[in-house]
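Below: the structure, in structure tokens.
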Amino acid sequence: MPRHSLGDGGCLPSVTENFIMKVCKFGGSSVANAEQVSKIVDIVLADNDRRIVVVSAPGKRDADDTKVTDLLIECAEKALAGADYESIFTQILERYAEIQRDLELADGIIAEIEKDLRFRLGGEKSHKGMFMDCMKAAGEDNSAKIVAQAFQARGADAVYVDPHEAGMFLTDDFGNAQLLDESIQHLHKVLTGRDDIVIFPGFFGYTRDGRVATFPRGGSDITGSILAVAVNADSYENFTDVDAVYPVDPRVVPDVKKGIAAMTYREMRELSYAGFGVFHDEAVIPAVKAGVPINVRNTNRPEEPGTVIMQSRRVEPGTVVGIASADGFCNLYVDKYMMNREIGFGRRLLQILEEEHVSYEHMPSGIDNVSVVLCESDFDKECEARVIKRIYAEMNPDDVMVQRDHAMVMVVGEGMHYTVGLAAKATAALASSGVNVEMMNQGSSEISMVFGVKSDQRVKAVQALYKAFF
Ligand code: ASP
């Protein structure tokens, strides 16, 4: 039996023993309107290996628009407060109705979505997180239902699959749920060996006692990654609205043209740490652990090969894959004569931070001094005052200083491993652009160099490094 037939009577080749399995995830911009949904159908039907489709809730149609998930949150908040939510409810329903009308789908789907939303709104409200998750999940759940209809209208054998029936079981940390291990087996059973195309809603699953629970925001990427693992996918295609992951932020270097063709998971992790925003690196942990290659692609330009992220790749020695940067860091500097001889100094310093619930990012040190790089958001002025007071009281230092408004700039590439002269090249580029390096960390990671600079020099630093390495 052919896996899916085309509306014009033609048939795509049937599945053979050696088929390749691709899981495709489409983000909010790819389901924002009928035109985008049609592109999803085209993309999936153009490749017989694309067998599982994960969708987000409809996102923004233009810069001033609001994502359906945000509308649902607002609606839920109004319902919890006992306020009138009808106008926002109508806006949500209209987002789906617009897609249904423009794709000329049967209008029964809108009555079904309305019933679903009313049912959720009438649910138990004593637990805010639980109610909120049930409302938020409506975005992707109904998106998957309408996308499945769009496929069916084109004659494809596609079905909406309910995460509950498929066994996507999560912890009851509402809004921040984690996958329960047993889910992979359930999902494997339900999703493999099928001839049809599965349309699966992203972002949520169910607790063991049947409550809806969502992943953190942006969590459809997590769903896609989990399904890719469950079905042993050959590729996890993550469709978004950029052609590829770029070696540098195009807002900082506008003339960057060529995307990254391939990078390793380690490179992705280092780059996304410092602001590479295509997806959240945590979202793809399941795929990374299982070694499933991730292919970032553009729904609007599917002919582009995108960026493949995988376990290992061939590298040219001395080459760099990308330059990333992020603001929002500060530097806690501690100086004490003979620090290197004092056993336990580092542990006691980190223990103070631990007891104040501050996690540290980097810790370059000298013989008599150490810098601990922290996220400014974890280290407000009150926390700073407590930490400094404790360091003086418990560690007897000569000097303690906090410098704020720092940025981290990272040069990343597997090809940097064992290559002499890269640090010199980087520092020379920074120096000739007048960038003052406040901190440098090279060698802890084989594949990156980190520079701490003042935030107001971040853009200049990235531009200088890009020019030097690309
Ligand atoms: N719709 C959810 C959000 O906006 C999840 C997602 O799109 O991945 O966060």
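Per the numbering used here, the very first residue in the sequence shown carries number 15; after that it's consecutive. Even glycine gets a Cβ: it sits at the ideal position worked out from N, Cα and C.
Helix, strand or coil for residue i per DSSP?
i: V51; result: helix
i: F465; result: strand
i: P215; result: strand
i: G360; result: helix
i: S28; result: At S28 the pLDDT is 38, less than 50, meaning the model places this residue with poor confidence and gives no usable figure here.
i: T333; result: coil
i: D209; result: coil
i: Q365; result: helix
i: I87; result: helix
i: I240; result: helix
i: N354; result: helix
i: A95; result: coil
i: Y406; result: helix
i: V259; result: coil
i: E375; result: strand
Between residue i and the ligand ASP, is there a pair consisting of the residue's CB and a ligand heavy atom that are separated by less than 6 Å?
i: S43; result: no
i: S234; result: yes
i: T83; result: yes
i: R231; result: yes
i: S459; result: no
i: G153; result: yes
i: A71; result: yes
i: F188; result: no
i: F145; result: no
i: F217; result: yes
Go to residue i, then tell me how far its alpha helix (DSSP H) extends in each direction, as first and last residue.
i: D419; result: Element bounds for D419: not the alpha helix (DSSP H) but the beta strand (DSSP E), 413 to 426.
i: T104; result: 100 to 116
i: F145; result: 142 to 167
i: F133; result: 122 to 135
i: A445; result: 436 to 446
i: E296; result: It is not in any alpha helix (DSSP H) - E296 carries neither H nor E in the DSSP assignment.
i: F229; result: First-last for F229: undefined, no H or E at that position.
Which same chain residues end up closer than 7 Å to residue i when comparing Cβ atoms and leaving out the 5 residues on each side of it in sequence?
i: P215; result: V69, E154, D155, S157, A158, P177
i: Y480; result: V262, V267, I337
i: C397; result: E370, V372
i: E88; result: I102
Less than 8 Å between C-beta atoms, sequence neighbours within five positions excluded: which residues of the same chain meet that for residue i?
i: V204; result: V175, E179, A180, G181
i: A478; result: A443, L444, S446, S447, V449
Could you give the first and the last residue of the continuous beta strand (DSSP E) run that contains residue i?
i: V386; result: 383 to 389
i: F253; result: 249 to 254
i: F183; result: Premise fails: F183 is in no beta strand (DSSP E) and is neither H nor E.
Look at residue i and residue j and say whether their C-beta atoms are less than 7 Å apart.
i: A421; j: V467; result: yes
i: D255; j: S43; result: yes
i: S447; j: K474; result: yes
i: A247; j: V173; result: no
i: T313; j: F217; result: no
i: A152; j: R134; result: yes
i: M463; j: A440; result: yes
i: F145; j: A191; result: no
i: D235; j: A297; result: yes
i: R311; j: I366; result: no
What residues in its chain sit with their C-beta under 6 Å from that of residue i, if we drop five residues either side in the sequence?
i: R418; result: C344
i: Y260; result: V270, G273
i: M353; result: F359, D382
i: I41; result: The question names Ile, but residue 41 is Gly in the sequence shown. Excluding sequence neighbours, G41 sits near S70, T254.
i: P316; result: I57
i: H488; result: Here the chain covers residues 15 to 484 and nothing more, so residue 488 does not appear.
Mind checking if residue i is an interface residue toward chain C, Cβ cutoff 7 Å exclusive?
i: Y279; result: This model lacks chain C altogether; it includes just one protein chain.
Can you find a heavy atom of the ligand GDP that lies under 6 Å from the Cβ of residue i?
i: A191; result: Because the ligand GDP does not appear in the structure shown, any question about it cannot be addressed here, the ligands present being the ligand ASP.
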